Amino acid sequence: MKQVNRLKAGGRVDRARKLTFRFNGEELEGYAGDTLASALLANGIDIVNRSFKYSRPRGIVAAGAEEPNAIVQLGSKEAEQIPNIRATQQALYQGLEARSTNGWPNVRHDAMGVAGKLLGRFMPPGFYYKTFKRPASMWMTYEKYIRKGAGLGRSPQEADPDIYDNFNQYCDVLIIGAGPAGLAATLAAGQSGVRVILADEQEEMGGSLLDSRETLNDAAAELWVAETLGQLKGMPNVQLLPRTTANGYHDHNFVTLVERRTDHLGIVAPRVNGHRQARQRLHRVRAKRVVLATGALERPLVYAGNDIPGNFLAGAVSTYIRRYGVVPGQKLVLSATNDEAWRTALDWFDSGREVVAIVDARPHPDGELVKEARQKGIRIITGSAVIEATGSARVQSALVAEIDAERFRVTGPITKLACDTIASSGGYSPAIHLSSHTGARPVWREDIFGFVPGSVKGMIAAGGAHGCYSLADVIQEGGNAGLRAAEETGGKITAVKLPQAKQRRDGAAMALYQVPHSKPTMRAPKQFVDLQNDVTAASIELATREGFESIEHIKRYTVMGFGTDQGKLGNINGMAIAARVLGRSIPEVGTTVFRPNYTPVAFGAITGRHCNDLFQPERYTALHQCHVEFGAEFEDVGQWKRPWYFPLAGKNETMHEAVARECRAVREGVGILDASTLGKIDIQGPDAREFLERVYTNKWMKLPPGRVRYGLMCRDDGMVFDDGTTSCLGDNHFLMTTSTGNAATVLEWLELWHQTEWPELKVYFNSVTDHWATLSISGPLSRQLLAEVCDIDLAKEAFKFMDWREGNVAGVPARVFRISFTGELSWEINVQANYARHVWETLFSHGEKYGLTPYGTETMHVLRAEKGFIIGGQDTDGSMTPMDLGMQWCVGNDKPFSWIGKRAHQRSDTQREDRKQLVGLLPEDPSVVLEEGAQVVFDPHQAIPMPMYGHVTSSYYSPTLNGGFALAVVTGGHQRKGQKVWLASSDGKFNAATIVDTIFVDPKGERQNA
9 MKQVNRLKAG
19 GRVDRARKLT
29 FRFNGEELEG
39 YAGDTLASAL
49 LANGIDIVNR
59 SFKYSRPRGI
69 VAAGAEEPNA
79 IVQLGSKEAE
89 QIPNIRATQQ
99 ALYQGLEARS
109 TNGWPNVRHD
119 AMGVAGKLLG
129 RFMPPGFYYK
139 TFKRPASMWM
149 TYEKYIRKGA
159 GLGRSPQEAD
169 PDIYDNFNQY
179 CDVLIIGAGP
189 AGLAATLAAG
199 QSGVRVILAD
209 EQEEMGGSLL
219 DSRETLNDAA
229 AELWVAETLG
239 QLKGMPNVQL
249 LPRTTANGYH
259 DHNFVTLVER
269 RTDHLGIVAP
279 RVNGHRQARQ
289 RLHRVRAKRV
299 VLATGALERP
309 LVYAGNDIPG
319 NFLAGAVSTY
329 IRRYGVVPGQ
339 KLVLSATNDE
349 AWRTALDWFD
359 SGREVVAIVD
369 ARPHPDGELV
379 KEARQKGIRI
389 ITGSAVIEAT
399 GSARVQSALV
409 AEIDAERFRV
419 TGPITKLACD
429 TIASSGGYSP
439 AIHLSSHTGA
449 RPVWREDIFG
459 FVPGSVKGMI
469 AAGGAHGCYS
479 LADVIQEGGN
489 AGLRAAEETG
499 GKITAVKLPQ
509 AKQRRDGAAM
519 ALYQVPHSKP
529 TMRAPKQFVD
539 LQNDVTAASI
549 ELATREGFES
559 IEHIKRYTVM
569 GFGTDQGKLG
579 NINGMAIAAR
589 VLGRSIPEVG
599 TTVFRPNYTP
609 VAFGAITGRH
619 CNDLFQPERY
629 TALHQCHVEF
639 GAEFEDVGQW
649 KRPWYFPLAG
659 KNETMHEAVA
669 RECRAVREGV
679 GILDASTLGK
689 IDIQGPDARE
699 FLERVYTNKW
709 MKLPPGRVRY
719 GLMCRDDGMV
729 FDDGTTSCLG
739 DNHFLMTTST
749 GNAATVLEWL
759 ELWHQTEWPE
769 LKVYFNSVTD
779 HWATLSISGP
789 LSRQLLAEVC
799 DIDLAKEAFK
809 FMDWREGNVA
819 GVPARVFRIS
829 FTGELSWEIN
839 VQANYARHVW
849 ETLFSHGEKY
859 GLTPYGTETM
869 HVLRAEKGFI
879 IGGQDTDGSM
889 TPMDLGMQWC
899 VGNDKPFSWI
909 GKRAHQRSDT
919 QREDRKQLVG
929 LLPEDPSVVL
939 EEGAQVVFDP
949 HQAIPMPMYG
959 HVTSSYYSPT
969 LNGGFALAVV
979 TGGHQRKGQK
989 VWLASSDGKF
999 NAATIVDTIF
1009 VDPKGERQNA
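If you count the sequence shown from 1, position 983 lands on 991 in the numbering used here, and the numbers rise without skipping.
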């Protein structure tokens, strides 16, 4: 297709580099330097999408991140699909393939659009809430089709071929925005010697200077931009980040920046010297000072038919003409309230196209641009506005009338002007989204009819973001902001030579948000406030009539400012309409809360390299290779690879056979387990004992050095959170062990309570899980084996149960703990991780005569369950108290102060007798191994659905019992021992079992005879 709207000369595109691309299957042409949006406009593409709710035809409106309509899907192959890309922010490259995200069978002839015309009046705000709430069972079906018609892109169904990066960065001054204020600030801060990062989301730095009619130092503004960027690139302390969006501003000047490194080169990042390049990079920047130079967003006027393709922001039209050499139409009507908008008409006129009229709502505009327009003979209509655009697939005419903005009414006859393009400007809104991320409430300024950023510690707003719009003032304010930020961060202040801009005399702007129509708002043709979400002025009026007065409630009811748009164009207009209807001022209504992300961010950029094995890393103990050599089968426990069982080599041993053999070895001889994955937290400080008293349910004040105690930890709701042993290493020094999967969570829990609730306690925590390897040897012959390789007295009287001692094991300094998770005589040997293999091999060299057998996690589970020892998260599910587990003995209710969860145990709910409680189950048929999760019923002959009274938490075959056994939680289970129950299996059958105690194997060693 011929580029019908492309000028023969002008703009910043490279006409020597022609590029072909496809949009909705049609092959088109553009140039290097184009965005997808400018190339579509050059090719005369009017309809780029269909609207969210009414499926109305939509065209390009803006030229930057504020674009609400031109949201496209990129990619031809499944793995390359990228949804919801703004065409205004996507650089054109050879072979780019894009398509609209909404419209069936195509965007020009859309079946939903016909329905929208017929049914749109019956779809007011709240339509979905009121219509699809019954029957509730159908909601999932409704939602499927509602979402399908919502005009959103789709995620790829295949793996992303690209890689992404995360960088952590530090700087003295972070400057966001590389327009006139940002460049001046960077120049000033950079010359002071401090470390500076300048980030800008556009393809080129320069901002509004790239398409400005104004001059700097009596030359084109873009020349100063090029000169300044050359200077900055030569400064080693300055880092320039083009194509980089500041998407989130967080506490303490922590800002996330998303850099699009290769998006302008192709759908997949290219390889350099055979190496994959990162497509995007997330910079996590901590800055001493932030200069917010994000500029201002032009506000459109709200008038009837303002969503018809051919309606533009005035500034966007100038950008397309001056930066891209594209005139998006033939005949222009400009509707404005300020002098700056008049440059659009002048740019249009200079391009050789017809300016039908400039319609200004001010009675007597008189600035320099106004005079220039009069000198060129352009028709000017004052005290008036475009009240309606007519047309369907493209603007055909503009209806213009005199208006009284204060009384909100049309006061004169309506004139119809034939045109194909309408540009509007209702003023400018400082881009306050980022500062609002910090929670700072914006401040209304009546002189600019806009909100400016609230106060944020360490942030300086400059230029348009601060409500300063004169180019000379913007540059001066940016330079001052850079100097101030540099001075506050220790920079050497030097004089900065800033360019001279001619002060232009402009007339006063006028406040106008919604243009009155000859008909009431509710009866006039649709006047769109939020183009992306199809929110109209009538929607906002209706919301207030239905009782919504808070702007946050209005936002949620009408969905104004939702989605990827985040209210960039519509929020101020929406607030103004709500204020008018409610009889309040705009600052009284207030603004909505803006949240990250400023624009959409790829999940890949957030994740970076932390995906696959990096996202879920495989952790190995120091003994991993030993287990491999023994032929272990592994399972994942948390992030750890732990031996599951050890099948004998060459025996074709099944897991059932291997586990039975390993169990017998522990019960009859000696077995060894790698328990290195247990969480280990070193706790020190003069208040360590009191801290343990507060986080554990039992007592710790009198535990002497050399002793170990088992402890239960509850959440503040009284439910068991974790369990483990803690050893007293010294008067103010303890070693806490946690379950493998809960190690990080427990450490975080301890830090949380210390920092937020008990900061006065002098206690310190450090994870030492990886520092120590733990080898646990268990069984009646374990004492004899250990005695051969250590210098510690292991006699019963010298080394009692729940004691620990320091000594040498296999010639290596070690801590030895007499602790058991099997119920047999056990010793946990802790050595520095680098010595683990040596100790393992020494034990096996001495252990052959004792039948030393390695065992895995499956055997560990069987052994512990035979003794009734719980595993958190398996036998507990976040709803079990210590009493439910039959562990009242581990609760110190007579402690002098409250511990976490104590008050919850006094609630009537936690004291009910019919709570689910932990019990044992013995199947009537010993050959049956009950299914874990099987539901407990008292009468298998009851009608379905029959009441259920609990479920199986752990179930195994025991070679010691020569049959199956299980742990379960049963309603009132502690009082039901001896009762017969039935367990439903997945094949629909029931297995009978008897409720018994949780200890299945008679204590025969550890506690009584050891």
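The C-beta atom is built at its ideal place from N, Cα and C for all residues, glycine as well. Everything numeric in this text was worked out from a predicted model, so none of it was measured.
Looking from the CA of Lys85, the closest CA among Ala106, Ala95 and Thr96 belongs to Ala106.
Every unbroken stretch of the alpha helix (DSSP H) spanning 4 or more residues and falling wholly within the stretch 643-682 is given here in chain order: 663-676. Remark: three or more beta-carbon pairs, one from each stretch, lie closer than 8 Å, so the stretch 178-191 and the stretch 480-495 are flagged as touching. The beta carbons of Ala1001 and Leu929 sit closer together than 7 Å.
By the Cβ-count criterion, Trp147 is exposed, with fewer than 16 other Cβ atoms from all chains shown falling within 10 Å of its own Cβ. Between Ala976 and Gly996, the gap from beta carbon to beta carbon reaches 7 Å or more.
Between Ile689 and Phe773, the C-beta spacing is below 7 Å.
Contact annotation: Asp412 and Arg287 have beta-carbon atoms that are not nearer than 7 Å. Close CB contacts of Gly732 within its chain, under the 6 Å cut and outside five residues either way in sequence, are with Thr745 and Thr746 (chain order). By the Cβ criterion, the stretch 836-853 is in contact with the stretch 815-824, since at least three pairs of Cβ atoms, one from each stretch, lie closer than 8 Å. When secondary structure is reduced to three states using DSSP, Lys26 falls in the strand class. For Ile411, DSSP records a beta bridge to Val418. Ranking Gly318, Leu893 and Val936 by CA distance to the CA of Lys924 puts Leu893 first. The DSSP assignment places complete alpha helix (DSSP H) segments of no fewer than 4 residues inside the stretch 175-202 at 188-199, in order along the chain. According to DSSP, residue pairing for His291 in a beta bridge involves Phe175 and Leu265.
Taking the Cα positions, Thr552 is about 7 Å away from Ile562. Linking Thr544 to Lys534 through their CA atoms gives a straight-line distance of about 6 Å. Between Asn816 and the set Phe829, Glu832, Phe809 and Gln840, the nearest pair of CA atoms involves Gln840. One Cα belongs to Leu590, the other to Pro76, and the distance between them is close to 27 Å.
In this structure, DSSP gives Tyr521 a state outside helix and strand, which the three-state scheme calls coil. Leu871 carries a helical assignment under DSSP once its states are collapsed to helix, strand and coil. A Cβ-Cβ separation of about 15 Å leaves Ala193 out of contact with Ala439 under the 8 Å criterion.
Residue nearest to Gly313 within the set Ala406, Arg284, Pro133 and Ala73 is Ala406 (criterion: CA-CA distance). Shown here, Tyr718 sits in a strand according to DSSP, grouped into three states. Cys736 carries a strand assignment under DSSP once its states are collapsed to helix, strand and coil.
A residue is called buried when at least 16 other Cβ atoms come within 10 angstroms of its Cβ; Thr28 does not meet this threshold and is exposed.
Counting along the chain, no alpha helix (DSSP H) covers Met467; the unbroken beta strand (DSSP E) around it starts and ends at Met467 to Ala469. Residue pairing by DSSP puts Met744 in a beta bridge opposite Ile689 and Thr734. Per DSSP, Asn541 lies in no alpha helix (DSSP H) and is assigned neither H nor E. Shown here, Arg697 sits in a helix according to DSSP, grouped into three states. Closest in C-alpha terms to Ile456, from the list Met518, His441, Gly447 and Gly462, comes Met518. Of the other Cβ atoms in all chains shown, 16 or more fall within 10 Å of the Cβ of Lys875; this residue is therefore buried.
The shortest C-alpha to C-alpha distance from Asn750 to any of Val341, Arg845, Thr529 and Gly880 is the one to Gly880. Looking at the DSSP output, Gly928 shares a beta bridge with Leu975 and Val1004.
In summary, Asp799 is exposed, with fewer than 16 beta-carbon neighbours lying within 10 Å of its beta-carbon over all protein chains present.
Excluding residues up to 5 positions away in sequence, Gly462 lie with their Cβ nearer than 6 Å to the Cβ of Arg449 in the same chain.
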